[in-house]
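Here the structure comes first, spelled out in structure tokens, and everything after it is commentary.
Protein chains: 4
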Amino acid sequence: MAINNIQALFAESLNELELTDKQKAVLRASLTLFSEKGFNNTSTSDIAQMAGVSEGTVYKQFKTKEGILAAIIGPFIQRVVPKAAHEFTEAVITPPYPDFSRFLETVIKNRMDFAVDNMPQLRIVLQEAITNQEMLTGLGHLLDNLISGPLGTAFRHYQRSGELIKWPLIRIARYLVTTVMGYVLPAALANQPINTNQASKEAAEFLIRGLTP
Amino acid sequence: MAINNIQALFAESLNELELTDKQKAVLRASLTLFSEKGFNNTSTSDIAQMAGVSEGTVYKQFKTKEGILAAIIGPFIQRVVPKAAHEFTEAVITPPYPDFSRFLETVIKNRMDFAVDNMPQLRIVLQEAITNQEMLTGLGHLLDNLISGPLGTAFRHYQRSGELIKWPLIRIARYLVTTVMGYVLPAALANQPINTNQASKEAAEFLIRGLTP
Amino acid sequence: MAINNIQALFAESLNELELTDKQKAVLRASLTLFSEKGFNNTSTSDIAQMAGVSEGTVYKQFKTKEGILAAIIGPFIQRVVPKAAHEFTEAVITPPYPDFSRFLETVIKNRMDFAVDNMPQLRIVLQEAITNQEMLTGLGHLLDNLISGPLGTAFRHYQRSGELIKWPLIRIARYLVTTVMGYVLPAALANQPINTNQASKEAAEFLIRGLTP
Amino acid sequence: MAINNIQALFAESLNELELTDKQKAVLRASLTLFSEKGFNNTSTSDIAQMAGVSEGTVYKQFKTKEGILAAIIGPFIQRVVPKAAHEFTEAVITPPYPDFSRFLETVIKNRMDFAVDNMPQLRIVLQEAITNQEMLTGLGHLLDNLISGPLGTAFRHYQRSGELIKWPLIRIARYLVTTVMGYVLPAALANQPINTNQASKEAAEFLIRGLTP
DNA sequence: AATGAATGAGGCTTCATTCAT
DNA sequence: TATGAATGAAGCCTCATTCAT
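Residue numbers (the UniProt record's numbering), protein chains in the order written: chain A, 1 to 213; chain B, 1 to 213; chain C, 1 to 213; chain D, 1 to 213.
So this is what it looks like as structure tokens:
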């Protein structure tokens, strides 16, 4: 089964960093607090307190407060997303999907579940993307990666079979991402749950209409 | 001619507050700085410096730093958006649009221009919406207002004429907003210009496909 | 009368910096504490307390702790010493000194008085010179300035008149400085007074013997 | 052969303390770091890192950071200098020196070599002497020891033979120390080498002139 | 109304030191 | 003996806010 939870992947990277339990607690607390109050509104003393740790411990592994942010977001941007893309490819592309409609629905469901499973990280990335140019650039590359990777292959496949309109892939991807975000972001911001089953069906229905020749 | 620029509306509210030139300069500087660096990363000393004003002056009219934020965002949320909605109604609904397609394209162009004209405010609202629940709630009401207002009337009109699919209005509005945001947000975040003429045509084309029965 | 007290010159530079009374108090307290306990062993809270000022005030004018050090030492290195050299030139060179012996004695007395009047600064410079390469370089230039300036002129004059041995000026200056330091440094380190009248006579007597052809 | 290197003597005292190799490494690293960056600017973590040792090990033998300083400087002040004085006596006084001039030159060369061989310790002592009263007192006693010891005997010998001026020994010693320091200190501070052969000749030449009746 | 010096709480970070393993 | 994670006090510095002029 595909790993579809950034916390799971995250845990791996933490083990690679050889973090102690307390240092993991620091990351956990930071994830929660950054997500809820924002990076700037979270003090290192807040983190230490929630992690049940001294403030010195916060700095033993992560040399600066930004270092903690990087340890949370880095895997998300650099490793998890590509890896997730890989998993998503296997799970989604490999089986012989009967048609574009089922393909789309599956992809959307997959990404919505991913988003729902990693809302804290999503919220942090959203916050930082607004003022952090570096992160913004990273996000920009994600779309490119999607298109130049297996998703692009699938899109071209369905274009040839006449099931997908012959617009530039970047435009198609934009509507796909955009529509998914239209369901995910409000939930992420309001910290509310989504029924990804229904949401993905709705989104797919709309996209099929808009993207079928 | 319809006012389609928040700065213009903004100027009115400033006059109503009887702000001196220096105090207006404070708001202008705050708008720029909050938008570029974020509220938390902007110090009142930064503001005073960019406004060419003493630090004391910053606090003469706006009792706290958050007061400045409110003076910038308040009009955006409480007055400008509804008013803009009103303007938009007049400009868009009143004339007899030949069909849903032209209507949609006009609406989208109108809102995109609005967004482009007010990117700084948009960026600020985006930032704050993530951690500020109050603002989030305000944003949530906007969609309701759109639907219960003249836009809802128009939607129902085109549904009756068979040009618009008979989904719940909230769902239709979601796709409309979402698709427009798909063009506006990346530009807002990266501080890049958009060709709203082309973008609105593209977006309308897609939405028409997706929303026509 | 020549200004022979760095605090006096210092006061000038402070006025030029338009320091408030409290900020001057910060410098005064820093001078005392740096001199007594060393730069590293003095905390900004120590300074604030001794100056009767909040810690924020310490940073209003001097952006960093090192900035305070620079404000104390800068004038010493950059302005006071050259200026003192000038004063010393006027006071010492201009009058027709009967012989090298009286000249030397006067120069030595002058510099010893200067050192005694500015022991705190001297102590600070000594401390910093050990680990601060920049300061060391500055000190190195002082000797050059002495020789290339009026003191060198005087030395050459007495060499021509046959009263001063024809060693390279740098070597002569070395012994002069060294011998004066031999009286001044122990006093500076131990914070003890010197009788500059007797000390300068003794030092001159020894130097005359060593430097007369 | 006389031991003229504090590191050699130092090694002895370390052996007496029954230090392990790692603990010796701690002392070696501390010597280097204290000398280069100063005691206050060296952290125990710096020491551990340079010594290739854990932070805990730093504290196994030397209970505090000051304990390390004491272990470095103590021998210098309490044991090494007197012992060096003894060595110096044997090496210098015992042979029948033809005259005061050769005697002086030899003494000076000897002490300059000693200083050059132990510059790190010298730098540390200089630093600490400024703020550490105890160390200052210790240094003060050194001059007394020189005079009351074999150097005083030699001085009195040459005074009786009419080769050395009949000033108080303390005054003569002052000029001797001072002149040597005039060569050694600049080199120590700038971390530059000296040609002790030439320097001692120059210094002796000057002192002979100044101290011969 | 405007100034800007002053405040002091609080933020990030370092570091000497301890202790369980 | 050696380790290194953990501590927490203290250091430097920032900043929103106040107030006398």
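No residue lacks a Cβ here, since even glycine has one placed at the ideal position from N, Cα and C. This one's a predicted model, so the numbers in the text were calculated from it and none came from an experiment.
Neighbour flag for residue i against chain D, beta carbons, 7 Å
i	result
Q121 (chain C)	no
V80 (chain C)	Summary for V80 (chain C): the model assigns pLDDT 46, below 50, so the residue's position carries little reliability; its value from the coordinates is reported in the next sentence. Chain D contact via Cβ: absent.
L151 (chain C)	no
T179 (chain C)	yes
Residue i vs residue j beta-carbon contact at 7 Å
i	j	result
F34 (chain C)	T44 (chain C)	no
residue 296 (chain A)	T57 (chain A)	Nothing about residue 296 (chain A) can be reported from this structure: the residues present for chain A run from 1 to 213 only.
I165 (chain A)	P213 (chain A)	yes
A204 (chain C)	E105 (chain C)	yes
L122 (chain C)	A71 (chain C)	no
V53 (chain A)	K22 (chain A)	yes
G182 (chain C)	L169 (chain C)	no
A115 (chain B)	V184 (chain B)	yes
G138 (chain A)	I77 (chain A)	yes
I130 (chain C)	Q127 (chain D)	yes
S101 (chain B)	I208 (chain B)	yes
I124 (chain D)	V180 (chain D)	no
G162 (chain C)	G210 (chain D)	no
P150 (chain B)	L31 (chain B)	no
Y175 (chain B)	F103 (chain A)	no
N132 (chain A)	N40 (chain B)	no
Within-7 Å CB hit, residue i to chain B
i	result
Y158 (chain A)	no
G138 (chain A)	no
R111 (chain A)	no
K37 (chain A)	yes
F76 (chain A)	no
residue 219 (chain A)	The question about residue 219 (chain A) has no answer here: the residues shown for chain A are numbered 1 through 213.
Q127 (chain A)	yes
I130 (chain A)	yes
Proximity test, Cβ basis, 7 Å: residue i and chain C
i	result
residue 219 (chain D)	As shown, chain D starts at 1 and ends at 213. That puts residue 219 (chain D) outside it, with no answer to give.
R174 (chain D)	yes
L69 (chain D)	no
Q192 (chain D)	no
G210 (chain D)	yes
L146 (chain D)	no
F206 (chain D)	yes
L189 (chain D)	yes
Neighbour flag for residue i against chain A, beta carbons, 7 Å
i	result
residue 228 (chain B)	Absent from the model: residue 228 (chain B). The displayed extent of chain B is 1 to 213, so no value can be given.
L33 (chain B)	no
Distance between beta carbons of residue j and residue i, contact taken as under 8 Å
i	j	result
P190 (chain A)	L136 (chain B)	According to the sequence as given, residue 190 (chain A) is Ala; it is not Pro. With a Cβ gap of about 6 Å, A190 (chain A) and L136 (chain B) count as contacting.
Which parts of the region 16-77 of chain B are runs of the beta strand (DSSP E), unbroken and 3 residues or longer, counting only runs that do not cross its ends? none
Unbroken stretches of the beta strand (DSSP E), 3 residues or longer, contained in the region 117-154 of chain C: none
Counting only runs that start and end within the region 152-192 of chain A, where is the alpha helix (DSSP H) found for 4 or more residues in a row? 169-190
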